[in-house]
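Note sheet for the following structure.
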Amino acid sequence: MTAVAPEVGIDLNRPRVPFTRLVGVELRKLADTRAGKWLLGAIAAISVLVMVIMLWVVLANDISVSFKDFLIAMSVPMGVLLPVLGVLSVTSEWSQRTALVTFTLEPHRGRVLAAKVAVGLVVALFAVIVAAIAAAFGNVIAGAASDATVWNVNLLELLGFYAMQALGILMGLTFGALLLSSPAAIVVYFAWAFVIPTIFQVAAAFIGWFEDLLPWIDFATAQTPLFDGGWTGEKWAQLLVSGTIWLIIPFIIGARRVLRSEIK
Amino acid sequence: MIQVQNLSKRYGDHLAVDDITFTCRPGTVTGFLGPNGAGKSTTLRMLTSLTIPTSGSATIGGHRYSDIPNPGAQIGVLLDASAQHNGRTGREVLTIAAQTMGLDRKRVDEMLDLVGLSPKEAKRRVGNYSLGMRQRLGIASSLLADPQVLILDEPANGLDPAGIHWMRQLLRHYADRGGTVLLSSHLLHEIEVIADEIIVIGNGQIVAQGSKDELLAGAGTFVRALEPDELARALSVAGIHVTPATADGFSTDADPADVGKAAAAAGVALVELRPGDRAGLEDLFLQLTAGNQRDALAPAPAPGFGPAVQQGGQA
Ligand SMILES: Nc1ncnc2c1ncn2[C@@H]1O[C@H](COP(=O)(O)OP(=O)(O)OP(=O)(O)O)[C@@H](O)[C@H]1O
Ligand SMILES: [Mg+2]
Numbered sequence: 001m002t003a004v005a006p007e008v009g010i011d012l013n014r015p016r017v018p019f020t021r022l023v024g025v026e027l028r029k030l031a032d033t034r035a036g037k038w039l040l041g042a043i044a045a046i047s048v049l050v051m052v053i054m055l056w057v058v059l060a061n062d063i064s065v066s067f068k069d070f071l072i073a074m075s076v077p078m079g080v081l082l083p084v085l086g087v088l089s090v091t092s093e094w095s096q097r098t099a100l101v102t103f104t105l106e107p108h109r110g111r112v113l114a115a116k117v118a119v120g121l122v123v124a125l126f127a128v129i130v131a132a133i134a135a136a137f138g139n140v141i142a143g144a145a146s147d148a149t150v151w152n153v154n155l156l157e158l159l160g161f162y163a164m165q166a167l168g169i170l171m172g173l174t175f176g177a178l179l180l181s182s183p184a185a186i187v188v189y190f191a192w193a194f195v196i197p198t199i200f201q202v203a204a205a206f207i208g209w210f211e212d213l214l215p216w217i218d219f220a221t222a223q224t225p226l227f228d229g230g231w232t233g234e235k236w237a238q239l240l241v242s243g244t245i246w247l248i249i250p251f252i253i254g255a256r257r258v259l260r261s262e263i264k
Numbered sequence: 001m002i003q004v005q006n007l008s009k010r011y012g013d014h015l016a017v018d019d020i021t022f023t024c025r026p027g028t029v030t031g032f033l034g035p036n037g038a039g040k041s042t043t044l045r046m047l048t049s050l051t052i053p054t055s056g057s058a059t060i061g062g063h064r065y066s067d068i069p070n071p072g073a074q075i076g077v078l079l080d081a082s083a084q085h086n087g088r089t090g091r092e093v094l095t096i097a098a099q100t101m102g103l104d105r106k107r108v109d110e111m112l113d114l115v116g117l118s119p120k121e122a123k124r125r126v127g128n129y130s131l132g133m134r135q136r137l138g139i140a141s142s143l144l145a146d147p148q149v150l151i152l153d154e155p156a157n158g159l160d161p162a163g164i165h166w167m168r169q170l171l172r173h174y175a176d177r178g179g180t181v182l183l184s185s186h187l188l189h190e191i192e193v194i195a196d197e198i199i200v201i202g203n204g205q206i207v208a209q210g211s212k213d214e215l216l217a218g219a220g221t222f223v224r225a226l227e228p229d230e231l232a233r234a235l236s237v238a239g240i241h242v243t244p245a246t247a248d249g250f251s252t253d254a255d256p257a258d259v260g261k262a263a264a265a266a267g268v269a270l271v272e273l274r275p276g277d278r279a280g281l282e283d284l285f286l287q288l289t290a291g292n293q294r295d296a297l298a299p300a301p302a303p304g305f306g307p308a309v310q311q312g313g314q315a
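Chains Z and X, in that order, are what the protein sequence lines are.
Numbers 1 to 264, taken from the UniProt record's numbering, label the letters of the first sequence in order.
Numbers 1 to 315, taken from the UniProt record's numbering, label the letters of the second sequence in order.
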């Protein structure tokens, strides 16, 4: 055929993969699988479902409700689904072994992990917007029936509500990175989120000093001022301490695991 | 272009890759041949910065893979065709890769076409793909950016004979344009069909490397005569050890020239005299790796059957 062409060297001056593109790719990867589609769809559908059920109960019993009540009800299913989405965004790379391709196309694994965090923040925003729209819709109907529409959530509280959902998805990501296995990370996350707090409560009831310690290690309770307000210096400190224990330190350990583990 | 220098990888007390050195030049297709567990995949993973070497270096164009910006756009890599999300369609897998590298989406269709995946097949989930289809998808993914360097781990695995020949054409074409191709296999006949340069690895060590012709020549001679008994006697007198290969033929590790001379000196009429054939190369592979093989695949050498290969550029 043709003569051998001269070799063209590897070019080190090309631009690296822009971070925005990595985020775009990770967002696409979250939505293009059956599990991802279902979870995202379920987050939207359940928010609407919660709104409908609440309306039904409220109208049938002639109770008065506020915008905040709707949001609080919706945050329960979201607190279950968003962490699962966070878990899967990391662990599916291992269980489906796509990490082999992902980290070949971007060997700087920290950038990929950062993109996954960014996607988590975007998805939490999506969830909050859907919830807020559904809650507003429900609130208008409930208000029309009772002649009093209560909009008792200010922008700061809405931001706090968003922060809670974002922390939920980041917790999922952290457990995913720590365990690198979908079933293990989901089970451990739910044990941590729903079983451990109960054990802590029981322990606090019997052990005096533990009762004093509890607010500093109970991450979920420490988050409540985000939406309910009532901040004090101590509450901020409790959020920071419990967040360091359950989110920041485990995330650092998980990130190191993602960065260093051998990809096969 | 691809340079591996004193590369080692230790897992616990097991040396998976033991001080290997080799180079793959532009314009050639290099076959990385070795039995299961020889260390091929480990080497290729170190070459692509997925596994950290214990010692030594592996570079592409003089650079570590992880130092190359947007490496996928310059180096095509296929490490495991089955490492894909089963829930994604073939097209989606390629679209994600193209998007990461910043390529035009029309490359996706071009590559699907090139590897022979129909639009209908591209819409199917990868979980429903056959092994060969996955392999084609993986090859398509590695070719997306039209890279100058290709690193492929067992790319022919699962391809039918027509597929293997198709791949040979494809890789040949890449090499002819100045590309560097490194592919691994544990099957001799695949490497034989596709590669020009062969590196044989066994138990983490390189046991032979050289051009295919060189290594083929190392497989000795096949010879056939009208009177095989006389031929055997003549060769034995000349100090050439033979093993019966067919009813009237022998194979030997001696050069064809020496065999011809010995036969001529004894006045034995030959029917056939040629360099060792495929079976010879198979022998070579088995012999080269037998000492390093856990299962000791190769049978014990027949009495009088000398060491398999003298040449082949021990690394
Ligand atoms: N993480 C690990 N821990 C311990 N041993 C390992 C690890 N990874 C690989 N090995 C060992 O390293 C050796 C080389 O494995 P490798 O996958 O590179 O072989 P290979 O040549 O690609 O084989 P195959 O043809 O079967 O793909 C094997 O003995 C394997 O068991
Ligand atoms: Mg292998």
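Built from N, CA and C at the ideal position, the CB exists for glycine as well.
Residue i versus residue j: straight-line alpha-carbon distance, rounded
i	j	result
Ile-2/X	Leu-178/Z	35 Å
Met-167/X	Ala-191/Z	51 Å
Ala-222/Z	Asp-69/Z	20 Å
Phe-161/Z	Phe-227/Z	5 Å
Pro-303/X	Val-93/X	Residue placement at Pro-303/X is flagged as unreliable, the pLDDT there being 38, under the threshold of 50; the coordinate-derived value follows with that caveat. Rounded to the nearest angstrom, the two C-alpha atoms are 55 Å apart.
Arg-124/X	Arg-172/X	30 Å
Ser-146/Z	Ala-132/Z	20 Å
Ala-98/X	Val-23/Z	14 Å
Gln-169/X	Val-193/X	10 Å
Arg-45/X	Leu-226/X	53 Å
Gly-72/X	Arg-14/Z	12 Å
Asn-157/X	Ser-118/X	20 Å
Ala-136/Z	Phe-67/Z	6 Å
Thr-244/Z	Ser-261/Z	24 Å
Ser-211/X	Ala-122/X	38 Å
Ala-298/X	Gln-135/X	Residue placement at Ala-298/X cannot be trusted, given a pLDDT of 41 that sits under 50; what the coordinates show is reported in the next sentence. Taking the straight line from one Cα to the other gives about 30 Å.
Thr-54/X	Gln-5/X	12 Å
Leu-247/Z	Leu-156/Z	23 Å
Val-268/X	Val-259/X	11 Å
Val-108/X	Leu-30/Z	20 Å
Ala-264/X	Glu-214/X	26 Å
Arg-111/Z	Phe-19/Z	7 Å
Tyr-65/X	Ile-52/X	11 Å
Gly-41/Z	Phe-175/Z	23 Å
Pro-228/X	Met-111/X	55 Å
Val-17/X	Gly-39/X	6 Å
Leu-235/X	Phe-250/X	10 Å
Ser-49/X	Thr-89/X	27 Å
For residue j and residue i, believed in contact at Cβ under 8 Å, the rounded distance
i	j	result
Arg-34/Z	Gly-87/X	5 Å
Ala-140/X	Met-101/X	Going by Cβ atoms, the distance from Ala-140/X to Met-101/X rounds to 13 Å, so no, they are not a contact pair.
Ile-151/X	Ile-75/X	7 Å
Ile-206/X	Ile-20/X	5 Å
Val-117/Z	Leu-27/Z	Rounded, the Cβ-Cβ distance is 12 Å, inconsistent with contact.
Val-130/Z	Ser-47/Z	5 Å
Ala-127/Z	Ile-53/Z	Their Cβ separation, rounded to whole angstroms, is 18 Å, which puts Ala-127/Z and Ile-53/Z out of contact at 8 Å.
Leu-15/X	Val-200/X	Actually they do not touch by this definition, with Cβ atoms about 17 Å apart.
Glu-106/Z	Val-17/Z	6 Å
Ala-175/X	Thr-28/X	6 Å
Ala-195/X	Thr-30/X	6 Å
Closer than 8 Å at the beta carbon, the chain Z residues around residue i
i	result
Tyr-129/X	None at all; the shortest Cβ gap to chain Z is about 14 Å.
Val-77/X	Thr-104
Check: residue i C-beta below 6 Å from any heavy atom of ligand 3
i	result
Thr-43/X	Only ligand 1 and ligand 2 can be found as ligands here, which leaves ligand 3 out of the picture.
Within chain X, partners of residue i - CB distance below 8 Å
i	result
Pro-15/Z	Pro-69, Asn-70
Leu-100/Z	Leu-50, Leu-79, Asp-80, Ala-83
Leu-167/Z	Within chain X, no residue comes near Leu-167/Z; the closest Cβ sits about 27 Å away, beyond 8 Å.
Gly-24/Z	Gln-99
Val-92/Z	Checking the sequence, you will find Ser at residue 92/Z rather than Val. What Ser-92/Z touches in chain X: His-85.
Contacts of residue i in chain Z (Cβ-Cβ under 9 Å)
i	result
Gly-102/X	Pro-15, Val-17, Pro-18, Arg-21
7 Å Cβ cut-off: residues of chain X touching residue i
i	result
Ile-263/Z	Leu-50
Gly-9/Z	Gly-61
- request: Could you please tell me which residues of the region 80 to 100 of chain X, in chain order, have their CB closer than 9 Å to any CB of chain Z?
  value: In summary, the residues of the region 80 to 100 of chain X whose CB is separated from some CB of chain Z by less than 9 Å are Asp-80, Ser-82, Ala-83, Gln-84, His-85, Asn-86, Gly-87, Arg-88, Thr-89, Glu-92, Val-93, Thr-95, Ile-96, Ala-97, Gln-99, Thr-100, in the order they occur in the chain.
message: Give me the pocket residues for ligand 2, defined as CB within less than 7 Å of any heavy atom, sorted by chain position.
response: Lys-40/X, Ser-41/X, Asp-153/X, Glu-154/X, Ser-184/X
- prompt: Name the residues in the region 34 to 50 of chain X whose C-beta lies less than 7 Å from a C-beta of chain Z; which are they?
  reply: Thr-48, Ser-49, Leu-50
- request: Can you give me, in chain order, the residues of the region 54 to 73 of chain X that have a beta carbon less than 8 Å from any beta carbon in chain Z?
  value: Ile-60, Gly-61, Gly-62, His-63, Tyr-65, Ser-66, Asp-67, Ile-68, Pro-69, Asn-70, Pro-71, Gly-72, Ala-73
query: Residues in the region 102 to 125 of chain Z with C-beta within 9 Å of chain X's C-beta atoms, listed in sequence order?
result: Thr-102, Phe-103, Thr-104, Leu-105, Glu-106, Pro-107, His-108
task: Taking only beta carbons into account, state which residues of the region 237 to 256 of chain Z come closer than 7 Å to chain X, listed in chain order.
output: none
field: Residues, ordered as in the chain, of the region 213 to 230 of chain Z that lie near chain X by beta-carbon distance below 9 Å
entry: Result list empty, no residue passes.
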